[in-house]
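Each remark here refers to the structure printed beneath this line.
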Amino acid sequence: QVQLVESGGGLVQAGGSLRLSCAASGNIFRLNNMGWARQAPGKQRELVARITRSGSTNYADSVKGRFTITRDNAKNKVFLQMDSLKPEDTAVYYCNTDQWGVDYWGQGTQVTVSS
């Protein structure tokens, strides 16, 4: 089992920034992709950003140019730098990874952007 713990969420005004962190622990051998997804009230969970072990990234169109995902393989951590935040970015943000074909999710951290 792999456990994921997110941190860094909070309340911020539109145009502001937040940095989310996610730490993986447990039975870690070699984490594959790592990423962030979000879920707003009444909406489906959507992938926000993903990064491969080698550092290749992809982003949802809605966050391109504003969010940056990075990872630290040695520390089994993934980060999401969120700039120019908008009220529509308000959601619970979840960390995700996979190992040996099994997906793991964190409990989520709330991000609220006020207008």
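Going by my numbering, the final residue of the sequence shown carries number 171, and the count climbs one at a time with no gaps. Built from N, CA and C at the ideal position, the CB exists for glycine as well.
Straight-line Cα distance separating residue j from residue i
i: Ile84; j: Asn152; result: 14 Å
i: Ile125; j: Ser63; result: 15 Å
i: Met70; j: Asp139; result: Met is not the amino acid found at residue 70; the sequence shown has Ala there. Distance between the alpha carbons of Ala70 and Asp139 is about 10 Å.
Beta bridge counterpart(s) of residue i as assigned by DSSP
i: Phe135; result: Ser77, Thr126
i: Ala93; result: Leu103, Tyr150
i: Ser110; result: In the DSSP output, where bridge partners are listed per residue, Ser110 has none listed.
Endpoints, the beta strand (DSSP E) within which residue i is located
i: Ile107; result: 102-107
i: Thr146; result: Thr146 -> no beta strand (DSSP E), and no H or E assigned at all.
i: Trp161; result: 158-161
i: Ser63; result: 58-63
i: Ser170; result: 165-170
7 Å CB neighbourhood of residue i in its chain, flanking five on each side removed
i: Val58; result: Ala80, Gly82, Asn83, Ile84, Thr153, Gln155, Tyr160
Same chain, Cβ closer than 6 Å to residue i, neighbours up to 5 away in sequence not counted
i: Asn114; result: Arg106
i: Arg122; result: Asp139, Ser140
Which of helix, strand or coil DSSP assigns to residue i
i: Val119; result: coil
i: Gly66; result: strand
i: Gly82; result: strand
i: Ser140; result: coil
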